[in-house]
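J.:
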Amino acid sequence: MDKALVIDVGKCTGCRQCELACSYEHTGTFNPARSRITVFDFHEKARFVPYTCTQCDQAWCQQVCPVGAISNENGVKVVDAATCVGCKVCTIACPFGTVNYEPASGKVIKCDLCGGDPACARACPTEAIVFADVAVQGFEKMRAWAEKTDTAPQASA
Amino acid sequence: MHHLIIGAGPAGVRAAEALRAYDPQAKITLIDGEGEAPYSRMAIPYFLSGKIGEQGTWLHRPLEFYAENGIDLVRGRAAKVDAGTKTVTLEDGQSLSYDKLLLASGARAVNPPVEGLEGDLVHHCWTIDDARAIEKLAGKGARVTLMGAGFIGSIILEALVMRGADLTVVEIEDRMVPRMLDETAGNMLKAWCEKKGVKVLTSTRIGGVYEGGGELNIALSNGETLKADLLVVAAGVTPNIECMDGTGVEKRTGVVVNARMETSLPDVWAAGDCAEGCDFSTGDLSTLAIQPVAVEQAVIAAKNMAGIEAEYHCALPMNVLETLGLVTTSFGKHDGLEEGARATLLDADEWRYIRLEFNDGKLIGAQTVGHVSMAGCLRGLIQGRMPLGPWEDVLKTQPHRVAEAYVDLSRGVS
Ligand SMILES: Cc1cc2nc3c(=O)[nH]c(=O)nc-3n(C[C@H](O)[C@H](O)[C@H](O)COP(=O)(O)OP(=O)(O)OC[C@H]3O[C@@H](n4cnc5c(N)ncnc54)[C@H](O)[C@@H]3O)c2cc1C
Ligand code: SF4
Ligand code: SF4
């Protein structure tokens, strides 16, 4: 994976354009409930956090899938909706909570980087979400934050 | 280098893939003991409900995947392992030598000590062969009794209802899924099933099963007799480790493994339902028999077999179950510790429940009914042993805010 979603929490104003764009891109409707990216609102801290899959290396979701519905395309983990049986085991295996069951379709949904041109990054007016080289400063930091909860062997207590 | 893997279920297949990635030059042989294409048991309910065909249960389609990745599929069952000469003898007499061996032979369904479980109208629901038999017997309107409303039983339940069977569930404990759900959640699930037209008898034991005139008479501990066209038994499993007899390998219920998935024998690893390794929630050894643990252990074993050191962080009990539209989950020490603290939130009218268990400023267990969003965060919080800080008090009164807590703690970067 050469490029990734780099999220700068400090720039997010909570406008939720990303959620709408994601939902529209994947479902043809403006329905934040069906978005693969979620903006968390920590109002006590006056901070918004857009949150989605970091396409982690461990790929817990992919390895657990009983029917091979999740592929790894150049590091991007993509759910094939036609193959998914909706068993949801990936939704509990991913320790980040970023692959989710969608009752409306009976399948799971997760970020697929829109095939290489993520709608959320295009929609974000403040560049809080940019699709950039993974080498760009920020991505590793972001992944490291996410992986504070990493359950991988190296982090064993 | 020859890596030999006994068993082509999820653990064996994921190990073979990982070995191919980490040890590109090695020879890899995968022994498929069921004479089928390597498949996932987990997909069986979807086969039974008609959502997928048999091929839909395969771990890889098409089957050429194995040859293309240099994985030799050998059909047969391992009868005996000789760790001294490093050979595995198959039931047909064929002998295979190895440099490194992975036991990934899984588990099999067992019967409780009840009379009459041998006939043609009684089946487990563990293999694809079992599923084929059930498919024939559990047609529309067929009277089906399910013995056991544990996790596996409750998964099959939905498939049987979707086939149009007239279903009665008999569970010895006082609620459904007793090892994963507390009384509140387990009885919510029971009430839900009853609302959907399924008869659920809890605290009820099947005393004996008698076949006569092409049907079954199933005697219950409450004095009643059920008539059925099929009895499905989902009352427990046991590891397939007989081929290790005589090797002197350390075993309890399963073959004992350390954090590197090594057994007590040199050059022999074990992973999945046949292995007994450390349990995150108790610190003791256990066999959990769940898919995430099977595949994660398999990848750890494969790395070590390929010479890359890796340790497993211990197996976390975790399950997600959908029963006729109601989703339940359970993680870790879902019933908590005496010295710990608890938060519960029940909305019986909306069929929603959440219970969190805390100890030492951390989340140690959880169970939910009717919540689907961001379930994985519960794993992240528990297995990451994340100190909750100020979120502990928040979650104690508002347990439904776990995902927020997780995102703030991992990414909020205050
Ligand atoms: C109906 C059903 C639903 C399930 N649903 C879930 C679920 O929702 N979530 C979840 O986490 N888990 C679920 N499980 C459990 C899950 O399927 C198992 O944990 C998983 O299959 C374990 O994988 P494994 O590779 O260790 O063992 P297995 O899948 O049992 O594979 C082992 C393979 O080895 C073969 N074998 C055994 N002995 C030998 C021998 N001597 N020689 C050669 N081959 C041998 C077996 O025949 C088998 O093919 C379900 C199981 C069933 C039956
Ligand atoms: S959904 Fe979760 S497990 Fe899958 S790639 Fe994304 S972060 Fe990793
Ligand atoms: S829900 Fe779908 S993608 Fe996820 S593990 Fe099950 S079949 Fe695979």
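Sequence lines, in order, name chains F and R.
Per the numbering used here, the first sequence starts with residue 188, numbered consecutively.
Per the numbering used here, the second sequence starts with residue 679, numbered consecutively.
We put the beta carbon where it would ideally sit given N, CA and C, even for glycine.
(1) Which one of R:Arg1079, R:Gly1062, R:Ala785, R:Leu737 has the shortest CA to CA distance from Cys921 of chain R?
(2) With a threshold of 8 Å, are at least 3 pairs of Cβ atoms found where one atom belongs to the segment 274 to 284 of chain F and the other to the segment 990 to 999 of chain R?
(3) For Leu845 of chain R and Ala761 of chain R, I'd like the C-alpha separation in whole angstroms.
(4) Looking only at its chain, what residues have a beta carbon closer than 7 Å to the beta carbon of Ile722 of chain R, apart from the 5 residues adjacent to it on each side?
(5) I need the boundaries of the beta strand (DSSP E) containing Thr916 of chain R, first residue and last residue.
(6) Quick check on this structure: which residue in F:Lys297, F:Asp320, F:Cys202, F:Ala306 has the alpha carbon closest to the alpha carbon of Cys240 of chain F?
(7) How big is the Cα-Cα spacing for Ala1021 of chain R and Pro1077 of chain R?
(8) Run down chain R in chain order and give the residues with a C-beta less than 7 Å from the C-beta of Pro219 of chain F.
(9) Spatial neighbours of Asp923 of chain R within its chain, please: C-beta separation below 8 Å, excluding the five flanking residues on both sides.
(10) What residue range does the beta strand (DSSP E) around Lys758 of chain R cover?
(11) Helix, strand or coil, according to DSSP, for Ile1060 of chain R in the structure here?
(12) Using a Cβ cut-off of 8 Å (strictly closer), state whether Ile730 of chain R contacts chain F.
(13) Starting from Ala1083 of chain R and walking both ways along the beta strand (DSSP E), at which residues does that stretch end?
(14) Quick one: grab the DSSP three-state call for Ile683 of chain R.
(15) Which word fits Gln733 of chain R, buried or exposed, when buried means at least 16 other C-beta atoms lie within 10 angstroms of its C-beta?
(16) Using CA coordinates, which residue listed in R:Arg1063, R:Ala863, R:Leu1002 is at the minimum distance from Ser727 of chain R?
(17) What are the residues of the segment 238 to 252 of chain F that lie near chain R, defined by any Cβ-Cβ distance shorter than 8 Å?
(18) Who are Thr763 of chain R's beta bridge partners in DSSP?
(19) Assess contact between the segment 211 to 225 of chain F and the segment 690 to 708 of chain R, defined as three or more Cβ pairs (one per stretch) separated by less than 8 Å. Is contact present?
(20) Could you tell me if the beta carbon of Lys275 of chain F falls within a distance shorter than 7 Å of some heavy atom in ligand 3?
(21) Val226 of chain F: buried (16+ other C-beta within 10 angstroms of its C-beta) or exposed?
(22) Taking Cβ-Cβ distances below 9 Å as the criterion, which residues of the segment 271 to 284 of chain F are in contact with chain R?
(23) Can you say whether Gln703 of chain R is buried or exposed, counting buried as having 16 or more other CB atoms within 10 angstroms of its CB?
(24) Quick one: residues in its chain with C-beta nearer than 8 Å to the C-beta of His1049 of chain R, no 5 flanking neighbours on either side, listed in chain order?
(25) Identify, in the order they occur along the chain, each residue of the same chain with its Cβ nearer than 6 Å to the Cβ of Ala344 of chain F, setting aside the five sequence neighbours on each side.
(26) With respect to 7 Å, is the separation between the Cβ of Pro253 of chain F and the closest non-hydrogen atom of ligand 3 below this value?
(27) Expressed to the nearest angstrom, what Euclidean distance is found between the alpha-carbon atoms of Leu994 of chain R and Leu1059 of chain R?
(28) Under 8 Å between C-beta atoms, does Tyr288 of chain F make it to chain R?
(29) In this structure, does DSSP put Asp228 of chain F in helix, strand or coil?
(30) Just verifying my parser: in three-state terms, what is the DSSP assignment at Asp951 of chain R?
(31) What is the rounded straight-line gap between the Cα of Gly1018 of chain R and the Cα of Glu1070 of chain R?
(32) Output, in chain order, the set of chain R residues within a Cβ distance shorter than 8 Å of Val236 of chain F.
(33) Taking 6 Å as the limit between beta carbons, can you name the residues of its chain near Glu212 of chain F, skipping five residues before and five after?
(34) With which residues is Leu999 of chain R paired in a DSSP beta bridge?
(35) On the criterion of 16 or more Cβ atoms from any shown chain inside 10 Å, does Leu908 of chain R qualify as buried, or is it exposed?
(36) Identify, in the order they occur along the chain, each residue of the same chain with its Cβ nearer than 6 Å to the Cβ of Val253 of chain F, setting aside the five sequence neighbours on each side.
T.: A quick look at the data gives this:
(1) Of the candidates R:Arg1079, R:Gly1062, R:Ala785, R:Leu737, the one whose C-alpha sits nearest the C-alpha of Cys921 of chain R is R:Ala785.
(2) Touching, per the Cβ criterion.
(3) Each residue's CA atom was taken as its position, placing Leu845 of chain R and Ala761 of chain R some 48 Å apart.
(4) Contacts found: Thr735, Cys803, Ile806, Ala809.
(5) First-last of the beta strand (DSSP E) with Thr916 of chain R: 915 to 917.
(6) Among F:Lys297, F:Asp320, F:Cys202, F:Ala306, the Cα nearest to that of Cys240 of chain F belongs to F:Lys297.
(7) Roughly 6 Å separates the two Cα atoms.
(8) Near Pro219 of chain F there are no residues of chain R at all, since even the closest Cβ is about 12 Å away, more than 7 Å.
(9) Within the same chain, Asp923 of chain R has close Cβ partners Lys758.
(10) Boundaries of the beta strand (DSSP E) harbouring Lys758 of chain R: 756 to 760, taken from the DSSP string.
(11) The answer is helix: DSSP assigns Ile1060 of chain R an H, G or I state.
(12) With its beta carbon less than 8 Å from one in chain F, Ile730 of chain R belongs to the interface.
(13) Ala1083 of chain R -> not in any beta strand (DSSP E); alpha helix (DSSP H) instead, spanning 1080 to 1085.
(14) Correct three-state label for Ile683 of chain R: strand.
(15) For Gln733 of chain R, the number of other beta carbons within 10 angstroms of its own is below 16, and it is reported as exposed.
(16) Ser727 of chain R has its Cα closest to that of R:Leu1002, out of R:Arg1063, R:Ala863, R:Leu1002.
(17) Answer set for the segment 238 to 252 of chain F: Tyr238, Trp247, Gln250, Val251.
(18) Paired residues: none, contrary to the question.
(19) Output reads no: the segment 690 to 708 of chain R does not touch the segment 211 to 225 of chain F.
(20) The answer is yes for Lys275 of chain F.
(21) Buried, since its Cβ has 16 or more Cβ neighbours within 10 Å.
(22) For the segment 271 to 284 of chain F, which is checked against every Cβ of chain R, the residues closer than 9 Å are Val272, Gly273, Cys274, Lys275, Val276, Cys277, Thr278, Ile279, Ala280, Cys281, Pro282, Phe283, Gly284.
(23) With a 10 Å radius around the Cβ and a threshold of 16 neighbouring Cβ atoms, Gln703 of chain R comes out exposed.
(24) Same-chain partners within the cutoff: Val1005, Thr1007, Arg1030, Ile1032, His1078.
(25) A caution first: Ala344 of chain F carries a pLDDT of 28, below 50, which makes its placement in the model unreliable, though a value can still be read off. Excluding positions up to five away in sequence, the list is empty.
(26) True, at least one ligand heavy atom lies under 7 Å from that Cβ.
(27) Leu994 of chain R and Leu1059 of chain R: Cα-Cα distance of roughly 12 Å.
(28) Yes, Tyr288 of chain F counts as interfacial toward chain R.
(29) Asp228 of chain F: strand per DSSP, three-state reduction.
(30) Correct three-state label for Asp951 of chain R: helix.
(31) Rounded to the nearest angstrom, the two C-alpha atoms are 12 Å apart.
(32) Within 8 Å of the CB of Val236 of chain F, the CB atoms of chain R belong to Val1085, Asp1086, Arg1089, Gly1090, in sequence order along the chain.
(33) So the list reads Cys301, Ala306, once near-sequence residues are dropped.
(34) According to DSSP, Leu999 of chain R bridges with R:Thr1006.
(35) Leu908 of chain R should be labelled buried.
(36) The amino acid occupying residue 253 of chain F in the given sequence is Pro; Val does not appear at that position. Taken in chain order, the list of residues that qualify is empty.
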